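Taking the working numbering, I'd label the letters of the sequence shown as residues 3 to 88.
Ideal Cβ positions, reconstructed from N, Cα and C, are used throughout, including at glycine.
Being a predicted model, the structure only gives us computed values, none of them experimental.
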Amino acid sequence: MGTISLPVRCDRAAAEALWPELVGAVGNAPIEIDGSSVEHVGQAVLQLLVSARRSGGGARIDASPALLQAAVLTGLQSELFEEGDA
C-alpha cells in the first residue's frame, strides 16, 4: 500500500471519505499517512487516525503543524505520534 494523503481540511466529510481507504489499507505493515498539508483537523479525523494507529500494523503519520497542534490540544500527541515523528 502506498501513502494515504490527508486533505487540507480534515472535517467530518473528509473522515467519511477517508474511512474506506483506511479500512482497505489495514494489514500487517504500517500505513503511511501524509498529513503534511493539513490546515484544519476535526475530531472525527483524529478518531480515525487513532484507530489507524491501533489497527493491524499501525500507522506512521507525517503531521503538519496544525495537525500536531490539534493532537497536543486534545491530548492525543503520544497516541498519534512516535517520539521523533511529526
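Next on the checklist: Just to confirm, is the Cβ distance from V74 to S39 under 8 Å?
Outcome noted: Numbered from its first residue, the sequence shown carries residue 74 at position 72. Numbered from its first residue, the sequence shown carries residue 39 at position 37. No. Outside cutoff.
Checklist entry - What span of residues does the alpha helix (DSSP H) with S39 cover, start to end? => result For this step, residue 39 is matched to residue 37 along the sequence shown. That residue, S39, is in no alpha helix (DSSP H); it is neither H nor E in DSSP.
Checklist entry - Measuring CA to CA, which of E18, F83, E84, T5 is closest to Q45? => result On the sequence shown, residue 45 is found 43 positions in, with the first residue counted as 1. Nearest option by C-alpha distance: E18.
Checklist entry - What three-state label does DSSP hand S66 in the structure shown? => result As a first step, residue 66 is located in the sequence shown; it is residue number 64 there, counting from the start. Coil, per DSSP.
Item to check | Check whether E81 and V52 have beta carbons under 8 Å apart | outcome: What you label residue 81 is simply residue 79 of the sequence shown in a count that begins at 1. What you label residue 52 is simply residue 50 of the sequence shown in a count that begins at 1. Yes; because the gap between Cβ atoms is below 8 Å, this pair is in contact.
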